[in-house]
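Under our numbering, the first residue of the sequence shown carries the number 80, and numbering increases by one thereafter. Beta carbons are placed, not taken as given, at the ideal position from N, Cα and C, and that holds for glycine. Remarks on the structure that follows.
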Amino acid sequence: QVDVNQKDIEGHTPLTRSAVQGYADITSKLLKNNADVNYQNNEGKTALMLAIENGRSDVIDVLLGAGSNVDVQDKKQYTALLYALLMND
80 QVDVNQKDIE GHTPLTRSAV QGYADITSKL LKNNADVNYQ NNEGKTALML
130 AIENGRSDVI DVLLGAGSNV DVQDKKQYTA LLYALLMND
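Put into structure tokens, the structure is as follows:
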């Protein structure tokens, strides 16, 4: 059995990598297999923050539907909502 929350050297999991790449189907499958939707990488960023930073709207929808917490703060004390505002500038 595969650990869907296994971290790499940068603290990324399959879910955070999937969010960066914009793979909505894979993101959904990982979540259905108990991937931690609010996991934070070494920078404190969640999959939702990474999806927002990379303009991955399909992944954003999947993560929000899975209950991603928009109020989690990264190491800079930024939230997903702040990233969304910054990306719209």
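Inset, instruction - Compare the C-alpha of asparagine 167 against each of Gln152, Gly101, Glu132 and name the closest. - result: Glu132
Inset, instruction - Can you check the stretch 121-167 for any alpha helix (DSSP H) of at least 4 residues that lies completely inside it and give the ranges in chain order? - result: 126-132, 136-144, 159-166
Inset, instruction - State the CB to CB distance for the pair isoleucine 88 and serine 97, rounded to an integer number of angstroms; the pair is presumed to be in contact (CB under 8 angstroms). - result: Actually they do not touch by this definition, with Cβ atoms about 17 angstroms apart.
Legend entry - Member of Tyr157, Asp153, Arg135, Leu127 whose CA lies at the smallest distance from the CA of alanine 145: Leu127
Legend entry - DSSP state of glutamine 100 mapped onto helix, strand, coil: helix
Inset, instruction - Tell me, please, whether the CB atom of isoleucine 88 is closer than 7 angstroms to any CB atom in chain B? - result: This model lacks chain B altogether, as it is built from one protein chain only.
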